[in-house]
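Novice: The following block contains the structure, expressed as structure tokens.
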Amino acid sequence: KGQLRQFIIDDKGVVVVANFGLRASTFPNMVSERALPFTKSVTRFLETDLNVECRIGATYGEAYCGVVGAVSRHEYAVLGPSVNLAARLMANPYNDGVLVDDGIRAHSGEREFRALPPITAKG
């Protein structure tokens, strides 16, 4: 299934960080059966039910998932290039809903995507 890592409401809006495929929960159709339906459900709920603009960046790749910080203040984190790219796709001005990387597209089964010009992401 998936995991909700973070939910923040601040001056930039609502930020939700979710991940799919943690150790022991990875399976062949994870992207097409869990991750992409999740993006569709979140978009529909936020935009239709709550009238909140929604932009999603979805990427496929390895990431560090674990505890970071000192003993007195630590948290569970998901870190890595795929996480950073997802944030860049989400914030990209060409994003009018959901932007995905080639990894998501390659693991999406029979789903069709609309191609956009290449995006240069910083970092």
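Going by my numbering, the sequence shown opens with residue 3, and the numbers climb by one from there.
All C-beta atoms, glycine included, are put in the ideal place defined by N, C-alpha and C.
If Y26 sits next to G4, beta carbons under 8 Å apart, how far is it from one beta carbon to the other, in whole angstroms?
Specialist: Here residue 26 is Ala; the residue named in the question, Tyr, does not match the sequence. 13 Å between Cβ atoms; not a contact.
Novice: Between the alpha carbons of P119 and H109, how many angstroms are there, rounded?
Specialist: Whole-angstrom Cα-Cα distance: 20 Å.
Novice: Can you check whether the CB of T61 is closer than 8 Å to the CB of A88?
Specialist: Going by C-beta atoms, A88 is nearer than 8 Å to T61.
Novice: Are there three or more Cβ pairs, one per stretch, closer than 8 Å when the region 99–118 is compared with the region 34–43?
Specialist: Taking 8 Å as the limit for Cβ pairs, the verdict is that the region 34–43 does touch the region 99–118.
Novice: In terms of residue numbering, what span does the beta strand (DSSP E) encompassing N94 cover?
Specialist: Careful: N94 lies outside any beta strand (DSSP E) and carries neither H nor E.
Novice: Rounded C-beta distance between Y66 and L52? I'm assuming under 8 Å.
Specialist: Contact flag wrong, Cβ pair sits at about 32 Å.
Novice: In terms of alpha-carbon separation, which member of F115, V102, F9 lies closest to I121?
Specialist: Considering only alpha carbons, the answer is V102.
Novice: Can you tell me whether V100 sits near the ligand ZN, meaning its C-beta is under 7 Å from at least one heavy atom of the ligand?
Specialist: With respect to the ligand ZN, the structure shown offers nothing to examine, as it has no ligands at all.
Novice: Short of 6 Å in beta carbon distance, which residues of its chain neighbour R57, apart from the five on each side in sequence? Order them along the chain.
Specialist: Answer for R57: M92, N97, listed in chain order.
Novice: Of all the options V100, E77, K124, R7, which has the alpha carbon lying nearest to the alpha carbon of R116?
Specialist: The residue with the shortest Cα to Cα distance from R116 is V100.
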